[in-house]
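A.B. asks:
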Amino acid sequence: MRLHLLLLAALASAALPPLPLTTSGRWIHDAAGKRVTYAGTNWPGHQEAMLPEGLAHQSAASIAGHITSLGMNVVRLTYATQMVDEHVARGSDVPAKEGLIKALGRENGTRVWGEIRKRNAGLREQAGRLEVFDLVARELGKAGVVVHLDNHISRATWCCSTKDGNSWFGDTDFDAAKWKRGWSFMANYTRSWTALGSVGLRNELRAPDNNPQLKERSYKWGDWYTHMRAAAGEVHAANPSLIVFLSGFGFDTDLTAVVRDTKVLKKSDFLPNKIALELHNYQNNEKNCGNIRGGLYNHGWNALNESDKGVANVLPVVMSEFGFAQDMKTAGSVYATCLRDYLVQNKAGWMVWVLSGSYYIRSGKQEFDEAWGLLKKDWSGWRSEEVVEKYFRPFVRASLKG
Ligand SMILES: *[C@@H]1O[C@H](CO)[C@@H](O)[C@H](O)[C@H]1NC(C)=O
Ligand SMILES: *[C@@H]1O[C@H](CO)[C@@H](O)[C@H](O)[C@H]1NC(C)=O
Ligand SMILES: *[C@@H]1O[C@H](CO)[C@@H](O)[C@H](O)[C@H]1NC(C)=O
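The numbers in the sequence shown follow our numbering, run straight up by one, and end at 469.
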């Protein structure tokens with residue numbers, strides 16, 4: 068009997084919810100009408116190599132296995148628009164090896180590609196970048212993990228600052244037309260991903276501080292809406308089953324106007340029950356949980372509250388990024404415990420930054436060790452068993468119970 072139950076539990080954790088997902092008021096439901104609360108992590112693929120990180124260390128299947136072993140049900144998989152631009156310019160998928168050589172140099176690029184192929188036997192020598200993304204999406208699906216595809220940045224690199232040229236529509240490296248084309252392309256391309264449930268149109272919009280005229284003219288809700296609505300339209304046209312997540316101002320910490328005003332966002336401009344909101348929080352040094360909670364509520368989390376008369380657009384809200392160094396002192400901080408309790412109490416979804424491990428290259432440093440990563444540098448296991456057992460495992464369980 069005991070064995071039977073364990074077996075059932077194992078099977079249950081390996082099954083995707085029936086897709087597509089839809090929204091209903093503040094909730095997300097699966098195709099069977101059951102509530103789905105996201106509880107997961109970010110798996111970056113948007114830096115110079117333009118490949119999902121970690122694959123030179125471990126197979127996609129074993130990384131996916133870690134995610135499900137924690138009970139997580141979603142991964143926010145990030146990509147850069149540059150990946151699509153290069154594909155379109157060439158007329159075919161850019162070989163992953165070529166991209167790695169460009170990012171890491173001939174010697175290390177060649178070696179790292181050899182390691183990726185050694186650990187991920189299905190990949191051809193000539194495999195393109197998108198084939199590597201396909202592999203990751205497929206393994207996540209097999210492990211019962213929903214994929215949330217995120218456009219993280221235009222020029223492939225570590226993100227984000229207000230002066231990196233990728234801050235806002237029309238910034239030096241952020242061509243809004245290419246971004247929209249990128250979505251049209253990716254939403255069509257990823258129709259074969261059986262685990263794909265939702266997309267995030269753009270990570271952390273922010274003021275273009277190196278471009279004061281653009282900031283003055285365009286860093287406004289009207290321009291936000293024009294662009295977001297158009298890109299959502301591209302996604303819906305290519306794949307109407309996806310939930311499209313909209314992000315806000317100030318590094319995605321502010322959706323105030325969207326929640327309060329149906330002139331800023333009109334739900335009938337989108338496919339019915341297919342849009343939601345995402346917000347980030349990095350108030351890591353805040354010592355007062357009340358301040359964090361009040362700020363969250365007033366800057367967009369009130370969209371969850373149908374009985375608040377100030378809320379014009381009731382929508383699901385997900386915390387698609389928050390994160391901290393993986394040690395018990397930090398996991399016990401006001402910030403980490405406050406966000407956990409807020410999200411559980413509000414029965415809201417989340418993806419913690421970040422799964423990696425390490426990066427092929429970050430900010431010019433190869434094999435960059437990520438102190439905030441759930442996994443250790445070689446992606447073989449948890450960076451801190453204690454943080455996983457005392458913070459994340461109960462957090463995931465409480466979120467999924469909601
Ligand atoms: C190439 O990889 C090796 C081994 O990880 C590392 O020591 C070296 O610094 C890398 N080269 C560059 C240019 O980063
Ligand atoms: C959509 O994707 C399919 C399969 O990858 C491809 O054959 C087709 O050309 C794409 N359509 C558009 C409009 O890009
Ligand atoms: C929702 O709004 C009502 C009315 O303003 C308020 O009383 C209640 O505390 C809010 N609920 C949450 C969870 O914030």
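Backbone N, C-alpha and C fix where the C-beta goes; we use that ideal spot for every residue, glycine too.
1. For Ser-430, count neighbouring C-beta atoms within 10 Å of its own C-beta (all shown protein chains included) and say buried if the count is 16 or more, exposed if not.
2. Which runs of the alpha helix (DSSP H) at least 4 residues long sit entirely within the region 270 to 337? Give them in chain order.
3. What is the rounded straight-line gap between the Cα of Cys-519 and the Cα of Asp-97?
4. I'd like the list of long-range same chain contacts for Tyr-458, defined as Cβ closer than 6 angstroms, with 5 residues on each side in sequence excluded.
5. Taking the alpha carbon of Phe-435 as the reference point, which residue from Leu-442, Trp-180, Tyr-427 has its own alpha carbon closest?
6. Using 8 angstroms as the cut-off, classify the Cβ of Asp-375 as near or not near the heavy atoms of ligand 3, replying yes or no.
7. Just tell me which of Val-419, Leu-363, Val-384 has its CA closest to the CA of Ile-342.
8. Would you say the beta carbon of Glu-434 is closer than 8 angstroms to some non-hydrogen atom of ligand 1?
9. Drop a sphere of 10 angstroms on the beta-carbon of Asp-336, count the other beta-carbons inside from all chains shown, and report buried for 16 or more, exposed for fewer.
10. So for Asp-436, helix, strand or coil by DSSP?
11. The alpha helix (DSSP H) with Asn-358 in it runs from where to where?
12. When you compare only the Cα positions, how much space is there between Leu-72 and Ala-244?
13. By how many angstroms is the C-alpha of Trp-180 removed from the C-alpha of Leu-167?
14. Can you tell which of Lys-444, Val-463, Trp-449 has the C-alpha that lies nearest to the C-alpha of Glu-120?
15. Return yes when at least one heavy atom of ligand 3 lies under 8 angstroms from the C-beta of Leu-371, else no.
16. For Gly-138 and Gln-280, what's the separation of their Cα atoms in angstroms?
17. State buried or exposed for Gly-195, treating a residue as buried only when at least 16 other CB atoms are found within 10 Å of its CB.
18. DSSP puts Gly-195 in a beta bridge; with which residues?
19. Is it the case that the Cβ atoms of Trp-368 and Gly-107 are separated by a distance below 9 angstroms?
20. Which same chain residues end up closer than 6 angstroms to Val-203 when comparing Cβ atoms and leaving out the 5 residues on each side of it in sequence?
21. Of the residues Asp-231, Ala-262, Ala-188, which one's Cα is nearest the Cα of Val-214?
22. Note down the Cα distance separating Ile-461 from Arg-360, rounded to an integer number of angstroms.
23. Drop a sphere of 10 angstroms on the beta-carbon of Leu-70, count the other beta-carbons inside from all chains shown, and report buried for 16 or more, exposed for fewer.
24. So is the beta-carbon of Asn-348 under 8 angstroms away from any non-hydrogen atom of ligand 3?
25. What residue does the beta strand (DSSP E) around Ala-128 start on, and which one ends it?
26. Can you give me the start and stop residues for the alpha helix (DSSP H) that Ser-234 sits inside?
27. Tell me the DSSP secondary structure of Val-401 in three-state form.
28. Among the candidates Tyr-409, Gly-440, Tyr-402, Gln-433, whose CA atom is the shortest distance from the CA of Trp-420?
C.D. replies: Taking the definition as stated:
1. As a first step, residue 430 must be located in the sequence shown, where it is residue number 363. Counting Cβ neighbours within 10 Å, Ser-430 comes out exposed, since fewer than 16 surround it.
2. 279 to 285, 288 to 305, 316 to 319, 323 to 327, all fully within the region 270 to 337.
3. Because the chain here runs from 68 to 469, residue 519 falls outside it and cannot be looked at.
4. Here residue 458 refers to the residue found at position 391 of the sequence shown. Same-chain partners within the cutoff: Ala-398.
5. Stepping through the sequence shown from its first residue, residue 435 is reached at position 368. Closest in C-alpha terms to Phe-435, from the list Leu-442, Trp-180, Tyr-427, comes Tyr-427.
6. Along the sequence shown, read from residue 1 onward, the residue named residue 375 stands at position 308. Yes.
7. As a working mapping, residue 342 is identified with position 275 in the sequence shown. The candidate whose alpha carbon is nearest that of Ile-342 is Val-384.
8. Within the sequence shown, numbered from 1, the residue matching residue 434 stands at position 367. Yes, ligand 1 has a heavy atom inside 8 angstroms of this Cβ.
9. Within the sequence shown, the letter at position 269 stands for residue 336. Asp-336 should be labelled exposed.
10. In the sequence shown, counting from the first residue as 1, residue 436 sits at position 369. DSSP, reduced to helix, strand and coil, places Asp-436 within a strand of the structure shown.
11. For the purposes of this step, residue 358 is identified with residue 291 of the sequence shown, where counting begins at 1. Segment 356 to 365, the alpha helix (DSSP H) holding Asn-358.
12. Here the question's residue 72 lines up with position 5 in the sequence shown. Here the question's residue 244 lines up with position 177 in the sequence shown. At Leu-72, the pLDDT of 48 sits below 50, so the modelled position is not reliable; the number obtained from the coordinates is stated separately. Straight-line Cα distance between these residues: approximately 52 angstroms.
13. The sequence position of residue 167 within the sequence shown is 100, counting from 1. The sequence position of residue 180 within the sequence shown is 113, counting from 1. So the alpha carbons of these two residues sit roughly 7 angstroms apart.
14. For this step, residue 120 is matched to residue 53 along the sequence shown. Taking only the C-alpha atoms, the option nearest Glu-120 is Lys-444.
15. Walking along the sequence shown from the start, residue 371 turns up at place 304. Under cutoff, so the answer is yes.
16. Within the sequence shown, residue 138 is the residue found at index 71, counting from 1. Within the sequence shown, residue 280 is the residue found at index 213, counting from 1. Straight-line Cα distance between these residues: approximately 47 angstroms.
17. Your numbering for residue 195 matches position 128 in the sequence shown. With 16 or more other Cβ atoms within 10 Å, it is buried.
18. Numbered from 1 along the sequence shown, position 128 holds the residue referred to as residue 195. Pro-162, per the DSSP bridge assignment.
19. Within the sequence shown, residue 368 is the residue found at index 301, counting from 1. Within the sequence shown, residue 107 is the residue found at index 40, counting from 1. Using a Cβ distance threshold of 9 angstroms, Trp-368 and Gly-107 do not count as a contacting pair.
20. Counting from 1 along the sequence shown, the entry for residue 203 is found at position 136. Pro-119, Ala-127.
21. By 1-based counting over the sequence shown, the position of residue 214 is 147. When each option's Cα is compared against that of Val-214, the closest is Ala-262.
22. Here residue 461 is taken as the residue at index 394 of the sequence shown, counted from 1. Here residue 360 is taken as the residue at index 293 of the sequence shown, counted from 1. For the sequence presented, residue 461 should be read as Pro rather than Ile. Their backbone Cα atoms lie some 21 angstroms apart in a straight line.
23. For the purposes of this step, residue 70 is identified with residue 3 of the sequence shown, where counting begins at 1. Per-residue confidence for Leu-70 stands at a pLDDT of 49, beneath the threshold of 50, marking its modelled position as unreliable; the derived number appears in the next sentence. Exposed, by the Cβ-count rule.
24. Working through the sequence shown from its first residue, we reach residue 348 at position 281. Because no heavy atom of ligand 3 lies under 8 angstroms away, the Cβ of Asn-348 does not count as near it: no.
25. As a working mapping, residue 128 is identified with position 61 in the sequence shown. No beta strand (DSSP E) holds Ala-128; the alpha helix (DSSP H) holding it covers 127 to 136.
26. Taking the sequence shown and counting its residues from 1, the one referred to as residue 234 is at position 167. Ser-234 -> no alpha helix (DSSP H), and no H or E assigned at all.
27. Sequence index remark: in the sequence shown, residue 401 carries index 334 (1-based). In the three-state scheme derived from DSSP, where H, G and I count as helix and E and B as strand, Val-401 is classed as helix.
28. As a first step, residue 420 is located in the sequence shown; it is residue number 353 there, counting from the start. Ranked by how close their Cα comes to the Cα of Trp-420, the residues Tyr-409, Gly-440, Tyr-402, Gln-433 have Gly-440 in first place.
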